Structure formats: C-alpha cells, structure tokens
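Numbering (this note's numbering), first residue to last: 58 to 205.
Set out below in structure tokens:
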C-alpha cells in the first residue's frame, strides 16, 4: 500500500503531516503493532525530517512543496522526504557529544538511532531533488532504539 502527500514548506502544516502518517499506518498495519511506542518513534522521525526541510532546505520558500511518500508492506514501512534545497553534505557530519555543547546535528543522530535504515541522496532525480529515505520494521522488538 502506498500514499503521497505534497505539502507547503511551513511548520504550521506539521500536524497535518503527522495525521497523514498515523492515519495511513493505522489503515496499513492496524492493530498488529505497539502503537504507543511505534507512533511516537515515527512521529518524531517525521517531525524532525519535515522541520529540517522547512528550516534549512526550503528556508524562506514556503511556496516550494515538500513531497512525502510512504509505503507499507506487512510491518515494513518506507518513508521518503523529497526537497528542492541545496542538500546537506554528510561527509563532514560529526555526531554531537554532550561535552561539545553543540547546537545542531542532533536531528540526524535521532533519525539514525530510531530508524532501521537511513539513506540520503543529493540531486537524485531529473528535477534535482534530494531524497531522505527512512525504513523501519514495526514488529515488536526489545527496543526500537539502535545502540551504536
């Protein structure tokens, strides 16, 4: 089962994005998962991804739509976040540490810890868009947070 959402780059639409995610997942996987844990996990990842596009990739360009795609196969979820920004160079990324008192970079850390697989592709299609691809299995596990 697949769905798509094209939405303006504005944080006031975050609630709409979250309802789209949760509504589709409820239909796609029903009562087969621990909704309290999984919905919080996925909402946090989507909120972080969406807000990063709004605040960084499409900064001051709310008319540029963000495209969200989701596919559910059994208990596997794939979420894609497409943007038209300049992109983020991950080669220079260093995970924040408590002693560094770093202001940014926590979102990427959170996303990678909460999802089973994360891929980020720059200028990946004919339109020059970037794609953040997030994959997770919603089957109950001892912990949904990866250790590193």
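Note that beta-carbon positions come from the ideal geometry of N, C-alpha and C, so glycine has one too. None of these values were measured; they are calculated from a predicted model.
query, result
"Own chain residues within Cβ distance below 6 Å of residue 169, not counting five before or after", "175"
"Presumed contact (8 Å Cβ cut-off) between residue 136 and residue 191, rounded CB distance", "5 Å"
"One or two residues paired with residue 178 in a DSSP bridge", "188"
"Straight-line gap, residue 60 to residue 97 (C-alpha atoms, nearest Å)", "20 Å"
"Nearest to residue 62 (by Cα), restricted to the options 162, 166 and 124", "124"
"Helix, strand or coil at residue 115 according to DSSP, with G and I counted as helix", "coil"
"Buried/exposed call for residue 151, threshold 16 Cβ in 10 Å", "exposed"
"Distance between residue 186 and residue 121 (C-alpha atoms, nearest Å)", "12 Å"
"Through-space distance from residue 141 to residue 178, alpha-carbon basis", "12 Å"
"Beta-bridge partners of residue 172, as assigned by DSSP", "In the DSSP output, where bridge partners are listed per residue, residue 172 has none listed."
"Same chain only: Cβ atoms within 6 Å of residue 196, ignoring 5 sequence neighbours per side", "132"
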